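Residue numbers (my numbering), protein chains in the order written: chain A, 1 to 337; chain B, 1 to 337. Beta carbons: idealized from backbone N, C-alpha and C, even for Gly. On a predicted model such as this, the values are computed, not experimentally measured, just so you know.
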């Protein structure tokens, strides 16, 4: 079940850029899938797409309207409903990353049924998973892991997919969170799966494939985050990665939303190998991705260089310096079979 | 929200003992909460309680009818519905461990509403959890962990509660699965919680308490089980145990329902300390519990003795030899404050 593109990005009247973060991520990675943005008067966000209404978007070929916004509580404001109904009536599917389900709003559910259109609530998988089995399966997998949440695991995975494809590798990004699902048109929000099925959902997401095919799996949480380590471990076991990249944000002083200190990159490498070898005995780290957004250029460059020497691993900021060094390492360590 | 006792155990017409395992567990640990069993003609199970109908049970003071059975698919057979409705009409609450929700059957939902009675679907928590925080909180906690699923973690925890209370300790069993919830009247099926909230649910289950109070937490899965390790880790982080007991079944050759070999007891101790220290830096193993059901008496005794010497830890089969040695160790290592 894939979300069809091109997209119309619905921004409504969200107050600021932060509330439109999901939409911005889609534009960053899939600009060619986006026809336009739909904004209400007073909208404080701008995805730098042509402004258009439902009619113009459909006329231009839009197939899905994406409610790519976040708001406190994940609710769906009452005054957005009529535009969503209008989109369904005009022939588009609608996809949302809000906590509230589109299908739980009667007017929206009725409009979808009336028009035979699909509603995607990407935080809530409709897939029925089985429990993970841990059996080795063909195909190669690379997973991004983190010293913390929100350190660039999704961006690193997307940058890897792009660079791997540029080098002629057969690589597919595998989304495990809502923004990633919009960016790839499919995936599963693993943190919204029932706990028994975390590794099973990860196995479903990264199925048996050609021996030279790479799944590039978006990581979640951190093995060292007291809120989410269970999700991280289930994803690690289900994805059974051959390789992983550690993502890190060097200026953070405590783990996101809790008071725990950040682990070192070395601790993350050790714990990932220690726990990951259960389903892939040959798991290994192939690179380090540092989010240097808050550092100056010289400082960022020095940090990457020092880290590369310390760990003997290609180290980069994907946005600033690209991930070609990591892909180089990957190709060397995993020659085509 | 506690399930009120005394109970009437509904066995219906399940074919054999295995299907009534939940009911047997309740009788094993809470015989004094059970007034009787309700069986249909052809029932192949017997919990060794007086047979009685709904009317007799209510007259004797029964407050909840427990559907303490399992069946393929976790469905609720059509011909059980009228007895459940009868129980609600007679003034009892009804609790079920089936996958299907009692409240999803219209006749049952209506009877509950009509009579102001409560329905408990213990596989599906109605509690709203928050994400875990990992903050240290007062009170002591002991968790049972396993080399595999179904190796005696619940029985060990219940035996510990009983023996700790006998030694005058203030101890409460904390249920994390359906049978345990019936046995203690409360708890949470952690494997049925949404993945994001595993450690949060475990924190809710084992809240801040008197510094000398012990939560005796029923473990789930195994850090070495590729299907469920995420649940195990979330529970470990949320419970932040001071102490743990490793449970083991010595005759098993592969992990339950998968092809992975069993880890050694040593590997489980090491991994539990390695991962558990994130939320409790002083976590330590205080004993080993071996399910020797399939061994002869001399063999069982020898295995416990040899294991105790190898690990330097009290080692026992809770059913066969009791857990006093482990409680002794616990008292020595954690003197009252």
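Would residue i and residue j qualify as a contact pair, given that the criterion is a beta-carbon distance under 7 Å?
i: residue 234 (chain B); j: residue 230 (chain A); result: yes
i: residue 141 (chain A); j: residue 239 (chain A); result: yes
i: residue 62 (chain A); j: residue 102 (chain A); result: no
i: residue 272 (chain A); j: residue 244 (chain A); result: yes
i: residue 100 (chain A); j: residue 70 (chain A); result: no
i: residue 232 (chain B); j: residue 217 (chain B); result: no
i: residue 324 (chain A); j: residue 163 (chain A); result: yes
i: residue 65 (chain B); j: residue 10 (chain B); result: yes
i: residue 147 (chain B); j: residue 5 (chain B); result: no
i: residue 14 (chain B); j: residue 45 (chain B); result: yes
i: residue 242 (chain A); j: residue 172 (chain A); result: no
i: residue 209 (chain B); j: residue 139 (chain B); result: yes
i: residue 179 (chain B); j: residue 12 (chain B); result: no
i: residue 201 (chain B); j: residue 194 (chain B); result: no
i: residue 394 (chain A); j: residue 38 (chain A); result: Residue 394 (chain A) lies beyond the residue range present for chain A, which begins at 1 and ends at 337; the question has no answer from this structure.
i: residue 73 (chain A); j: residue 22 (chain A); result: no
i: residue 246 (chain A); j: residue 337 (chain A); result: no
i: residue 291 (chain A); j: residue 152 (chain A); result: yes
i: residue 307 (chain B); j: residue 315 (chain B); result: yes
Under the three-state reduction of DSSP, which class applies to residue i: helix, strand or coil?
i: residue 283 (chain B); result: coil
i: residue 3 (chain A); result: coil
i: residue 160 (chain A); result: helix
i: residue 30 (chain A); result: helix
i: residue 321 (chain A); result: helix
i: residue 146 (chain B); result: strand
i: residue 206 (chain A); result: coil
i: residue 227 (chain A); result: coil
i: residue 49 (chain B); result: coil
i: residue 104 (chain B); result: helix
i: residue 167 (chain B); result: coil
i: residue 304 (chain B); result: helix
i: residue 262 (chain B); result: coil
i: residue 242 (chain B); result: coil
i: residue 233 (chain A); result: helix
i: residue 276 (chain B); result: helix
i: residue 89 (chain B); result: helix
i: residue 55 (chain B); result: helix
i: residue 217 (chain B); result: strand
i: residue 114 (chain B); result: helix
i: residue 124 (chain A); result: coil
If I'm right that residue i touches residue j with Cβ under 8 Å, what's the distance once you round it to whole angstroms?
i: residue 125 (chain A); j: residue 189 (chain A); result: 6 Å
i: residue 348 (chain A); j: residue 87 (chain A); result: A question about residue 348 (chain A) goes unanswered here, because the residues of chain A that appear run from 1 up to 337.
i: residue 3 (chain A); j: residue 132 (chain A); result: That pair is no contact at about 25 Å.
i: residue 275 (chain A); j: residue 223 (chain A); result: 7 Å
i: residue 30 (chain B); j: residue 183 (chain B); result: 5 Å
i: residue 259 (chain B); j: residue 227 (chain A); result: The pair is not a contact, with the Cβ atoms about 32 Å apart (cut-off 8 Å).
i: residue 288 (chain A); j: residue 265 (chain A); result: 6 Å
i: residue 67 (chain B); j: residue 92 (chain B); result: Contact doesn't hold; Cβ gap of about 12 Å is too wide.
i: residue 191 (chain A); j: residue 196 (chain B); result: 4 Å
i: residue 294 (chain B); j: residue 251 (chain B); result: 5 Å
### Query
Which of the residues in the segment 223 to 246 of chain B, read from start to end, lie with their CB under 9 Å from any CB of chain A?
Cβ contacts with chain A come from 223, 224, 225, 226, 227, 228, 229, 230, 231, 232, 233, 234, 235, 236, 237, 238, 240.
### Message
Any C-beta of chain A within less than 7 Å: which residues of the segment 166 to 198 of chain B qualify?
### Response
Residues passing the 7 Å Cβ filter: 190, 191, 192, 193, 194, 195, 196, 198.
### Task
Using a Cβ-Cβ cut-off of less than 8 Å, list which residues of the segment 257 to 272 of chain A approach chain B; keep chain order.
Against chain B - using a Cβ distance shorter than 8 Å - the residues of the segment 257 to 272 of chain A are 257, 258, 259, 260, 271.
### Query
Which of the residues in the segment 271 to 289 of chain A, read from start to end, lie with their CB under 8 Å from any CB of chain B?
Those residues of the segment 271 to 289 of chain A that come within reach of chain B (Cβ to Cβ, closer than 8 Å) are 271, 274, 275, 278, 279.
#### Entry: Against chain A: residues of the segment 125 to 140 of chain B by CB proximity under 7 Å
Result list: 131, 132, 133, 134, 135.
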